[in-house]
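Trainee:
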């Protein structure tokens, strides 16, 4: 019986996540009626009891409203994520984000370099790394859970208090680091209990997962970031332009941020030569 109950909960969570994603993305619009329990059960190949559990959870989150006479309708209105990152102008976006949002430092310590982090940064195992965990918020609402590692030789130039109040990129540049480029990978992950508590979501909630390694002019790694973002409050976007003469293809458009924090100049990567290849600040 216990095993059967566990399987039922797992199936209900699966149906809940699928419906929740369709509602949050706007695929099922505000005011739209969901199919009946019988139809949903047939579509997802589960029982009506399982569907009822999933719908009950959506109702508790105020995503749907259930009425016996009127059926089940969506009451969630999708809104644009309050924070967006322009992939093509990533370093500029990072600086802008750091100034627009607030951060809470959850932990700060030093650990030995090891595993994939040490390999990505290119540091020996004997070197110490500063590790910090921060939660970044916008309008008082948390949207990102950030775990960063910085080589000790660089991190000794700033304090715990400074890390809790200033963007890490600013602190790196103040330390004399000439940021040249970064490599990042974007995928998806699930909220663990500690992450869920920090981001005010349920354990197992799907999150945007990003890993970024920042390098200086000599090619040395100066920051390793593992970030988890709430997809309802954070999004990536990119503008594309058709380029090339014979073989035309889509190329990213670079953005720069002026002193006011506004995104201004755009130019294609294929056209950025000479001075246009200097690091974005």
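Residue numbers (our numbering): 44 to 324.
All C-beta atoms, glycine included, are put in the ideal place defined by N, C-alpha and C.
Hey, residue 62 and residue 85: beta-carbon distance below 8 Å or not?
Mentor: No; because the gap between Cβ atoms is not below 8 Å, this pair is not in contact.
Trainee: Look up residue 230 in the DSSP assignment and say whether it is helix, strand or coil.
Mentor: Strand at residue 230.
Trainee: With H, G and I counted as helix, E and B as strand and the rest as coil, what does DSSP make of residue 166?
Mentor: Coil at residue 166, not helix or strand.
Trainee: Among the residues of its own chain, which have a CB less than 6 Å from the CB of residue 193, if the five just before and after it don't count?
Mentor: Excluding positions up to five away in sequence, the list reads 173 and 266.
Trainee: State the DSSP-derived secondary structure class of residue 54, mapped to helix, strand or coil.
Mentor: Here residue 54 sits in helix by DSSP.
Trainee: What is the rounded straight-line gap between the Cα of residue 94 and the Cα of residue 79?
Mentor: C-alpha separation (whole angstroms): 10 Å.
Trainee: Can you tell me which residues form a DSSP beta bridge with residue 152?
Mentor: Answer by DSSP bridge pairing, in chain order: 174.
Trainee: I'd like to check one pair, residue 175 with residue 151: are the Cβ atoms closer than 8 Å?
Mentor: Yes. Within cutoff.
Trainee: Is the region 213 to 230 touching the region 256 to 266 in the sense that three or more CB pairs, one from each, lie closer than 8 Å?
Mentor: Yes: at least three Cβ pairs fall under 8 Å.
Trainee: First and last residue of the alpha helix (DSSP H) that includes residue 115?
Mentor: Per DSSP, residue 115 belongs to no alpha helix (DSSP H); it is in the beta strand (DSSP E), 114 to 117.
Trainee: DSSP three-state call for residue 261: helix, strand or coil?
Mentor: Coil.
Trainee: Tell me the DSSP secondary structure of residue 157 in three-state form.
Mentor: In the structure shown, residue 157 sits in coil (DSSP, three-state: anything other than H, G, I, E or B).
Trainee: Just curious, the beta strand (DSSP E) that residue 185 is in, first and last residue?
Mentor: Counting along the chain, the beta strand (DSSP E) containing residue 185 begins and ends at 184 to 194.
Trainee: Starting from the Cα of residue 231, find the closest Cα among 215, 77 and 251 and give me that residue.
Mentor: Taking only the C-alpha atoms, the option nearest residue 231 is 251.
Trainee: Out of 161, 280, 74 and 87, which has the shortest C-alpha to C-alpha gap to residue 106?
Mentor: Residue 74 is the option with its Cα nearest to residue 106.
Trainee: Quick one: residues in its chain with C-beta nearer than 6 Å to the C-beta of residue 221, no 5 flanking neighbours on either side, listed in chain order?
Mentor: Contacts found: 259 and 260.
Trainee: Please report the straight-line C-alpha distance between residue 58 and residue 156, rounded to a whole angstrom.
Mentor: Each residue's alpha carbon lies about 41 Å from the other.
Trainee: Return helix, strand or coil for residue 301, following the three-state DSSP convention.
Mentor: Confidence at residue 301 is low in this model, with a pLDDT of 46, below 50, so the placement of that residue should be treated as unreliable; the coordinate-derived value is given next. Of the three classes helix, strand and coil, the one that applies to residue 301 here is coil, per DSSP.
Trainee: Where does residue 133 sit, in a helix, a strand or coil, going by DSSP?
Mentor: Confidence at residue 133 is low in this model, with a pLDDT of 49, below 50, so the placement of that residue is unreliable and no value is reported for it.
Trainee: Return the chain-ordered list of same chain residues with a C-beta closer than 6 Å to the C-beta of residue 109, the five sequence neighbours on each side being excluded.
Mentor: Once the five neighbours on either side are set aside, the close Cβ partners of residue 109 are 102 and 115.
Trainee: For residue 83, report the span of its alpha helix (DSSP H) as first-last.
Mentor: Run containing residue 83: 80 to 87, per the alpha helix (DSSP H) assignment.
Trainee: Starting from residue 104, follow the beta strand (DSSP E) in both directions and report where the run begins and ends.
Mentor: That residue, residue 104, is in no beta strand (DSSP E); it is neither H nor E in DSSP.
Trainee: Can you give me the Cβ contacts of residue 117 inside the same chain, cut-off strictly under 6 Å, excluding the 5 residues immediately before and after it?
Mentor: Cβ neighbours of residue 117 beyond the five flanking positions: 66, 71, 73, 75 and 107.
Trainee: What three-state label does DSSP hand residue 93 in the structure shown?
Mentor: DSSP places residue 93 in helix when its eight states are reduced to three.
Trainee: Spatial neighbours of residue 243 within its chain, please: CB distance less than 7 Å, with the 5 preceding and 5 following residues excluded, ordered by chain position.
Mentor: The answer, listed in chain order, is 185.
Trainee: For residue 214, does the count of other Cβ atoms within 10 angstroms reach 16, so buried, or fall short, so exposed?
Mentor: Buried, because 16 or more other Cβ atoms sit within 10 Å of the Cβ of residue 214.
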